[in-house]
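The block underneath contains the structure these notes are about, expressed in structure tokens.
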Amino acid sequence: MDLVVVLALSVIFVFGVVRPFVAEPFLIPSGSMSPTLEPGDRVLAAKSAYRLTEPGRGDLAVFEDGGGAVIKRVVGLPGDEISVEDGVLVVNGEFVREPYVDYGLTDSSFFGPETVPEGHVFVMGDNRSNSLDSRTTGPVPEEDLLGRAVLRFWPVERAGAL
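Residue numbers (the UniProt record's numbering): 1 to 162.
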């Protein structure tokens, strides 16, 4: 087969099949997910993740917020009661241990309680004091979830599974 035809078919496959249905790269634009993800990191999101399974607590969900794709951590599922007490996440009355949160970056804010409606998830950035998330914008409709971030591929020295 001619090299040009092979390249053309490869491009069509990647942009016509892989990117819309399988996986898509995303750039981390801000420090709202620090220290887990830093500005300039690039991640790969599994686009089929939420077509095959339900969102889970701790997932790094990529979703549409009206201004583009955003990535935050799922901390609450439908029916969960979410609150923040002195900067610490509380789900259904239980304090949640979050080893990925740098509490030196958090403020001692209070929020809630708020019950997550059916068909929605509650998301928060790991850098709680520098994140526009469900505490401000409300729970995210599950239909707006684009995928689950599964791999950081840039920078190379920080590459690995998420």
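For every residue, glycine included, the Cβ atom is placed at its ideal position computed from N, Cα and C.
Computed from a prediction, not measured in an experiment: that's the story for all the values here.
Check                                                                                                                                                               : Outcome
Please report the Cβ distance between L146 and V75, rounded to the nearest whole angstrom; I am assuming they are in contact, meaning their Cβ atoms lie under 8 Å. : Incorrect: roughly 18 Å between the Cβ atoms, too far for contact.
Assign V150 to one of three DSSP states: helix, strand, or coil.                                                                                                    : strand
So is S129 buried or exposed if we call it buried at 16+ other beta carbons inside 10 Å?                                                                            : exposed
What number of angstroms, rounded off, separates the C-alpha of F111 from the C-alpha of V91?                                                                       : 12 Å
Given a cut-off of 7 Å, decide if P29 and R42 are closer than it, judged by their beta-carbon atoms.                                                                : no
Select from Y103, V121 and V156 the residue whose C-alpha is nearest the C-alpha of L60.                                                                            : V121
Check whether the stretch 76-86 and the stretch 32-41 touch, using three or more Cβ-Cβ pairs below 8 Å as the test.                                                 : no
Between which residues of its own chain and F153 is the CB-CB distance below 8 Å, once the five residues before and five after are set aside?                       : P25, R42, V43, L44 and A159
Give me the DSSP bridge partner(s) of L89.                                                                                                                          : V84
Beta strand (DSSP E) containing R42: first to last residue?                                                                                                         : R42 to A46
Locate the beta strand (DSSP E) running through L37, then write down its first and last residues.                                                                   : That residue, L37, is in no beta strand (DSSP E); it is neither H nor E in DSSP.
In whole angstroms, what separates the C-alpha of S83 from that of P117?                                                                                            : 14 Å
Report buried or exposed for S48, applying the criterion of at least 16 other Cβ atoms within 10 angstroms of its Cβ.                                               : exposed
Starting from R97, trace the beta strand (DSSP E) in both directions and tell me its first and last residue.                                                        : Per DSSP, R97 belongs to no beta strand (DSSP E) and is neither H nor E.
Quick one, which of N127, T115, P99 and G87 has its alpha-carbon nearest G138's?                                                                                    : T115
Going straight from the alpha carbon of R51 to that of V123, what length do you get?                                                                                : 19 Å
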